[in-house]
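Below is one structure, written out as structure tokens; the observations come after it.
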Amino acid sequence: MQLNQISRTDDLPDVVIVASAFGADQIRRDGHAVWAAAAARAGANGFEVRRELFASDDDSQPAALARLGERIRAQGLWAVYSTPATLFRDDGALDMDALRLAIDEAAALGAHIVKLQLGGMHSGVATDAATLDRLITGVAASKARVVVENGQLQAGGTIDAFETLFAALPTGESDGRLTMTFDTGNWLWAGQDPLDAAKRLSRHVSYVHCKSVMGEGARRFAAAPANGDTRFATLLAHLPGAMPRGIEYPFISGPDASLDADAARQVARIAAF
Numbered sequence: 001m002q003l004n005q006i007s008r009t010d011d012l013p014d015v016v017i018v019a020s021a022f023g024a025d026q027i028r029r030d031g032h033a034v035w036a037a038a039a040a041r042a043g044a045n046g047f048e049v050r051r052e053l054f055a056s057d058d059d060s061q062p063a064a065l066a067r068l069g070e071r072i073r074a075q076g077l078w079a080v081y082s083t084p085a086t087l088f089r090d091d092g093a094l095d096m097d098a099l100r101l102a103i104d105e106a107a108a109l110g111a112h113i114v115k116l117q118l119g120g121m122h123s124g125v126a127t128d129a130a131t132l133d134r135l136i137t138g139v140a141a142s143k144a145r146v147v148v149e150n151g152q153l154q155a156g157g158t159i160d161a162f163e164t165l166f167a168a169l170p171t172g173e174s175d176g177r178l179t180m181t182f183d184t185g186n187w188l189w190a191g192q193d194p195l196d197a198a199k200r201l202s203r204h205v206s207y208v209h210c211k212s213v214m215g216e217g218a219r220r221f222a223a224a225p226a227n228g229d230t231r232f233a234t235l236l237a238h239l240p241g242a243m244p245r246g247i248e249y250p251f252i253s254g255p256d257a258s259l260d261a262d263a264a265r266q267v268a269r270i271a272a273f
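Sequential numbering from 1 applies to the sequence shown in UniProt numbering.
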């Protein structure tokens with residue numbers, strides 16, 4: 001799949017609404033398809049399905065995923081499939097079973113991107129030749145772009161872990177290569193500098209999760225970037241401008257604006273940031 005298949009033809013990036021932005025409880029109650037329609041009304045280009053928000057294991061079966069994919073496409077959206085599974089196990093070894101399952105489920109959905117967490121140990125992940133060969137072969141079997149995301153833990157959330165892995169992989173512009181989802185906020189949970197991460201990892205990024213972070217320590221939470229947030233704007237400026245941007249902070253309804261209205265406002269803001 002060529003990345004330009006999921007990029008806008010104008011000078012603005014595609015905007016994806018991550019299902020959880022509408023609220024985890026609402027997604028589990030109503031199902032993803034209902035809220036994919038809300039994403040379309042908000043003017044989004046894509047919708048990210050979250051495996052952990054399925055109401056039951058039945059939702060992850062191939063036939064159910066195929067029906068969901070059809071409903072997403074009927075709204076004029078393309079799909080991202082996100083799983084909380086990690087590409088590497090706690091001992092740093094590659095988890096081929098997790099990779100194959102994620103790829104198979106994304107294929108049933110008809111997703112353009114399939115996203116896993118990096119995982120691994122605090123010190124990183126295995127990068128020996130045999131592991132890399134298995135990883136490259138597994139990623140190449142996917143019709144969807146395979147990406148790994150920086151998580152909120154030190155294991156799978158450090159700049160060095162990503163830099164070491166990508167340095168070990170073959171370079172090139174092949175559509176089958178492994179790339180990353182750059183989560184603008186998760187770095188802070190892992191004690192990393194997001195701007196340093198952007199400077200060091202930008203060339204490996206094919207999808208951006210957008211959020212600001214409020215609070216400190218364990219009391220951190222995701223929030224919309226403030227108007228005029230120069231730090232957030234600077235961070236995005238160091239990342240590939242044409243890559244899709246996912247909204248992964250909660251939409252807020254109130255007396256002056258509905259959830260739909262806030263979603264539409266945030267889609268426009270993130271596209272233009």
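Cβ coordinates follow ideal geometry from the N, Cα and C atoms, glycine included.
CB-CB length for residue i against residue j, believed under 8 Å
| i | j | result |
| --- | --- | --- |
| valine 80 | valine 49 | 7 Å |
| glycine 138 | alanine 190 | Contact flag wrong, Cβ pair sits at about 25 Å. |
| phenylalanine 88 | alanine 126 | 7 Å |
Nearest neighbour of residue i, chosen from the options [CA to CA]
| i | options | result |
| --- | --- | --- |
| threonine 164 | Ile103, Leu101, Leu118 and Leu153 | Leu118 |
| alanine 55 | Asp133, Arg29 and Ala140 | Arg29 |
| phenylalanine 251 | Arg245, Ala198 and Gly23 | Gly23 |
| alanine 140 | Pro170, Gln61, Phe162 and Thr127 | Pro170 |
| leucine 201 | Ala36, Ile159, Arg220 and Asp260 | Ile159 |
| aspartate 260 | Val15, Asp25, Ala39 and Ile27 | Ala39 |
| alanine 74 | Ala36, Gln61 and Asp91 | Ala36 |
| serine 206 | Leu99, Ser60, Asp90 and Arg177 | Arg177 |
| glutamate 149 | Ala168, Asp128 and Gly120 | Gly120 |
| methionine 180 | Arg100, Thr86 and Ala66 | Thr86 |
| leucine 128 | His122, Leu99, Ala168 and Glu216 | Note on identity: in this sequence residue 128 is aspartate, with leucine being the wrong assignment. Cα-wise, what sits closest to aspartate 128 is Ala168. |
| glycine 46 | Arg245, Ala257 and Ser258 | Arg245 |
| arginine 219 | Cys210, Gln152, Asp91 and Arg231 | Gln152 |
| glycine 217 | Ala257, Gln192, Arg100 and Arg231 | Gln192 |
| cysteine 210 | Ser60, Ser258, Arg269 and Asp256 | Arg269 |
Sequence-distant residues of its chain with Cβ nearer than 7 Å to residue i (five each side left out)
| i | result |
| --- | --- |
| aspartate 229 | Ser212 |
| serine 174 | Only weak support exists for where serine 174 lies, its pLDDT of 48 falling under 50; the coordinates are left without a value. |
| residue 275 | The question about residue 275 has no answer, for the chain in this structure spans 1 to 273. |
| glycine 254 | none |
| glutamate 52 | Pro84 |
| alanine 21 | Ile247, Glu248, Tyr249, Pro250 and Phe251 |
| aspartate 196 | Ile159 |
Residues near residue i in its chain [Cβ-Cβ closer than 6 Å; skip 5 each side]
| i | result |
| --- | --- |
| alanine 223 | Ser212, Met214 and Tyr249 |
| aspartate 262 | Phe251 and Ile252 |
| phenylalanine 166 | His204 |
| glycine 124 | Ala161 and Thr164 |
| lysine 115 | Ser82, Val147, Glu149 and Thr181 |
| proline 62 | Ala108 |
| leucine 3 | Since pLDDT at leucine 3 reaches only 38, below the 50 mark, its modelled position is unreliable, and no value is offered. |
| glycine 92 | Gly120, Met121, Val125 and Ala126 |
| aspartate 11 | none |
Where the alpha helix (DSSP H) through residue i begins and ends
| i | result |
| --- | --- |
| glutamine 26 | 24 to 30 |
| alanine 129 | 129 to 140 |
| glutamine 266 | 259 to 272 |
| leucine 201 | 194 to 201 |
| alanine 222 | Where alanine 222 is concerned, there is no enclosing alpha helix (DSSP H), although the beta strand (DSSP E) it sits in stretches over 221 to 223. |
| methionine 96 | 96 to 109 |
| isoleucine 252 | Element bounds for isoleucine 252: n/a, residue is neither H nor E. |
| glycine 246 | Careful: glycine 246 lies outside any alpha helix (DSSP H), inside the beta strand (DSSP E) at 245 to 247. |
| glycine 156 | Careful: glycine 156 lies outside any alpha helix (DSSP H) and carries neither H nor E. |
| glutamate 70 | 62 to 74 |
| phenylalanine 232 | 230 to 237 |
| asparagine 227 | Segment: none, asparagine 227 is in no alpha helix (DSSP H) and carries neither H nor E. |
Beta-carbon proximity of residue i to residue j, cut-off 7 Å
| i | j | result |
| --- | --- | --- |
| glycine 31 | glycine 69 | no |
| phenylalanine 273 | alanine 233 | yes |
| isoleucine 72 | isoleucine 247 | no |
| leucine 239 | valine 208 | yes |
| threonine 131 | alanine 102 | no |
| valine 15 | alanine 271 | yes |
| residue 285 | isoleucine 113 | In the structure as shown, the chain starts at 1 and stops at 273, and residue 285 therefore has no counterpart that could be examined. |
| glutamate 105 | leucine 77 | no |
| alanine 155 | histidine 122 | yes |
Residue span of the beta strand (DSSP E) that contains residue i, given as start and end
| i | result |
| --- | --- |
| threonine 83 | 78 to 88 |
| glutamate 149 | 145 to 149 |
| arginine 50 | 46 to 50 |
| glycine 119 | 113 to 119 |
| threonine 179 | 179 to 183 |
| valine 205 | 205 to 210 |
| valine 15 | 15 to 18 |
Residues near residue i by beta carbon distance below 8 Å, same chain, minus five either side
| i | result |
| --- | --- |
| proline 194 | Thr184, Gly185, Trp187, Leu188 and Leu235 |
| methionine 96 | Arg134 and Gly138 |
| phenylalanine 221 | Val213, Met214 and Gly215 |
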